[in-house]
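Here the sequence shown is numbered in our numbering, starting from 6 and rising by one per residue. All remarks here apply to the structure that follows.
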Amino acid sequence: MNKPVPASILEVPADRYVTHEVRNQATPASGFNAFTADAVARAAIAREAPWAATRCAALGAAVGDEATQELARLANRHLPELKTHDRFGNRIDWVDFHPSWHALMALAWKHEVPNLSWRTTEKGGHYARAVLTYLWNQVEQGTACPTGMAYASYAGFTVEPSLAIWAEKSKGTVYEFSRREVAEKPSVVIGYAMTEKQGGSDLRQTQTTARFSHVGDYHGAPAHWYELTGHKWFCSVPQSDGFFTLAKVDGGVTCFFLPRTLPDGSFNRFFVQRLKDKAGNRSNASSEVEFAGTLAIRVGEEAHGIREILTHSHLTRLDFAIGSAGLMRQALTLAQVHTTTRNAFGTPIAERPMMTNVLADMAVEVEAATLMALRIAKATDGMGDSEHERLLARVATPAAKYFNCSRAATIANEALQCHGGNGFIEENPMARLFRESPLNSVWEGTANMMCMDVRRAMLRMPQTIDALLDEVRPVATQEPRLATMVRHTERLIRGAVDDEFLARSMSDAVARILQAAELVRYSTPEVVDMFFATRAASEFGAWGAHYGTMAGSVTQAAARKVMERSMVARG
């Protein structure tokens with residue numbers, strides 16, 4: 006039985022037992038344009054693809070919008086769910102997502118994040134699309150996986166005439182989550198299923214087999230259909246409309262494209278066994294799948310599947326390099342907003358000299374990573390017309406993928422420390438970003454795999470070494486500090502060509518000279534001086550193992566200029 010509240014309690018003033026008032030809390034990192042407020046990205050587009058500035062500004066406004074950031078939070082709070090059967094017991098192998106995921110996907114497709122490079126006839130399509138990806142990776146990295154795969158898939162569609170309809174649909178800008186057949190859809194989402202339990206990155210160990218079935222008309226062109234049998238340990242975005250995969254034909258690894266829905270409207274025999282419970286990237290469904298008499302179209306020649314899929318990997322690796330730069334930029338933005346809007350010891354945290362050192366150091370790293378990745382996007386645009394650009398892209402892409410993806414986790418860790426304990430709470434986007442940060446260095450080839458590929462390029466195509474050095478030497482003639490770095494890198498290249506043990510240190514040096522050359526070309530004197538004082542060859546050493554340990558010739562005044570250059574302006 007409820008007893009009445011004593012009158013003496015009702016008469017107590019409401020503020021008598023107030024324990025505290027909320028104050029000195031940082032403001033949210035929203036209400037800004039992530040493109041127009043970014044001096045590096047804005048200048049890059051003005052130089053190389055001014056026609057794309059309006060597109061980038063439109064996406065930048067969405068990236069900095071509080072509603073978009075809330076969609077990212079919700080998509081990672083309400084995780085995808087596997088539905089193997091419908092309520093009647095029919096096998097459906099489908100994935101349900103929270104509406105926020107679909108809203109983000111629709112936004113990415115609307116802004117041409119997956120496909121601007123294939124849609125435009127303007128010069129610099131890959132470059133402009135790279136800036137869009139850089140911006141999108143400041144929103145939600147789970148949706149950046151399908152945008153990147155859609156980007157890379159176009160390379161496979163264009164080599165197989167029967168997949169022309171997929172090439173056309175991959176350029177669509179209206180996202181649709183359905184199982185309709187490709188001809189009925191405004192656009193398509195594409196996945197990849199390569200990795201198997203026993204093989205990992207060694208695709209030669211593929212156990213999945215393929216048996217020729219028939220040649221049949223597929224949307225106006227003859228297609229070579231095979232039946233696939235096997236298991237894939239990692240399949241990205243299993244709700245996709247179609248997948249590139251590998252299987253052996255008479256022992257030779259061959260590339261295939263597998264549509265989820267067949268031309269007659271029936272569902273292909275594509276069985277989702279379970280979703281991966283990943284440490285990060287949780288909004289994105291990754292899975293294990295089974296093929297059992299699954300129909301797929303051969304892409305390229307039998308036994309040349311690894312060579313075929315490598316034509317896609319250049320694009321996915323570029324996507325990871327620029328995506329990691331975007332993730333680093335988001336981490337830096339979060340750290341900047343927190344430290345400029347929260348006080349400690351009488352001043353904003355960012356104005357404490359030691360924090361100025363940290364933020365400036367991080368800003369140098371993010372700018373260097375961004376310019377290097379964009380240089381490779383420019384090389385990708387020029388691959389068809391310039392031998393120099395083709396060779397540079399071949400050796401620099403794995404180097405940038407290795408370096409940026411590895412550095413992303415260090416930036417996220419430092420940005421988390423800028424927040425203190427507040428950054429480790431799931432309500433704060435910093436916690437999600439911290440868990441996300443190591444992933445890009447694992448997907449599409451680990452650090453060692455990328456460094457092996459840098460070395461492999463130099464061994465098989467020695468002219469890639471000349472292209473790399475030709476890229477930086479003109480700048481080095483004007484900058485003695487870069488000239489010293491180039492000599493150091495040449496020594497490492499000579500050693501690593503003979504000794505795999507040196508492949509990582511050599512790849513580090515390759516990335517750093519590319520970064521240095523781009524900074525000298527396009528950045529401010531303060532950023533350039535700070536880079537050389539802290540990240541150059543060992544004879545310039547003054548940089549510790551952690552951010553914020555800049556010393557020697559680096560002054561606090563210069564650090565403040567660099568920190569302020571990288572700040573986002575919020576309206």
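Every residue gets a Cβ at the ideal spot worked out from N, C-alpha and C, and that includes glycine. Nothing here was measured: the structure is a model prediction, and the numbers come from that model.
For a test of the three-state rule: what should DSSP assign to E484, helix, strand or coil?
coil
Thinking C-alpha only, which one of A382, S167, P85 is nearest V242?
P85
Give the range of the alpha helix (DSSP H) segment to which H219 is assigned.
From DSSP, H219 is part of no alpha helix (DSSP H) but of the beta strand (DSSP E) over 214-223.
Which term fits I97, buried or exposed, when burial requires 16 or more other beta carbons within 10 angstroms of its beta carbon?
exposed
What are the boundary residues of the beta strand (DSSP E) that includes T259?
257-264
Could you tell me whether the Cβ atoms of G305 and L444 are closer together than 8 angstroms?
no
Based on DSSP bridge pairs, tell me the residues matched to T352.
A349
Between which two residues does the alpha helix (DSSP H) carrying G161 extend?
146-162
Do the CB positions of V179 and G247 come within less than 8 angstroms of each other?
no
Give me the Cα-Cα distance between T402 and R380, rounded to the nearest whole angstrom.
10 angstroms
Rounded to whole angstroms, what is the Cα-Cα separation between E181 and I311?
31 angstroms
Report back the beta-carbon spacing between M511 and I498 to the nearest angstrom; my notes put them in contact at under 8 angstroms.
6 angstroms
If you follow the beta strand (DSSP E) that A34 is part of, which residue opens it and which one closes it?
Looking at the DSSP string, A34 is not in any beta strand (DSSP E), and its letter there is neither H nor E.
Go ahead and pull the three-state DSSP assignment for E306.
coil
So T152 and A113 are supposed to be a Cβ contact under 8 angstroms. How far apart are they, rounded?
5 angstroms
Reduced DSSP secondary structure (H/G/I, E/B, other) of P434:
helix
Would a C-beta distance cut-off of 8 angstroms place Y552 and V363 closer than the cut-off?
yes
Endpoints, the alpha helix (DSSP H) within which T126 is located:
From DSSP, T126 is part of no alpha helix (DSSP H); its letter is neither H nor E.
Grab me the residues of G387's own chain with a C-beta within less than 6 angstroms of its C-beta, minus the 5 sequence neighbours each way, in chain order.
E394
Suppose the cutoff is 6 angstroms on Cβ atoms and the five residues either side in sequence are ignored; what does the same chain contact list for A62 look like?
F40, T41
Any contact of the stretch 513-520 with the stretch 18-38, i.e. 3+ C-beta pairs under 8 angstroms?
no
Counting only beta-carbon separations shorter than 8 angstroms, does A562 have a partner in chain D?
Structure shown: chain D not included; a single protein chain is present.
Looking at the structure shown, is G196 part of a helix, part of a strand, or coil, going by DSSP?
strand
At which residue ranges does the stretch 315-402 contain complete beta strand (DSSP E) runs of 3 or more residues, listed in the order of the chain?
none
For P264, which of F249, D70, D475, M333 has the nearest alpha-carbon?
F249
Could you tell me if A133 is buried or exposed, where buried requires 16 or more neighbouring beta carbons within 10 angstroms of its beta carbon?
buried
Please work out which residues of its chain come closer than 8 angstroms, Cβ to Cβ, to S175, disregarding the five sequence neighbours upstream and downstream, and give them in chain order.
P119, N120, W123, A155, S158, Y159, F162, S192, V193, I195
Taking the alpha-carbon of A417 as reference, which of A404, G426, V400, A436 has the nearest alpha-carbon?
A436
If you run the structure through DSSP and keep just helix, strand and coil, what is V502?
helix
Does DSSP classify F439 as helix, strand or coil?
helix
Grouping DSSP H, G and I as helix and E and B as strand, with all else coil, what is R134?
helix
In terms of alpha-carbon separation, which member of S391, T234, R575, A308 lies closest to E476?
S391
Cα-Cα separation, S167 to A405:
34 angstroms
Within the continuous alpha helix (DSSP H) that includes R570, where are the two ends?
561-571
Environment of D43 [buried if 16+ CB atoms lie within 10 Å]:
buried
I need the straight-line Cα distance from V144 to V369, nearest angstrom please.
22 angstroms
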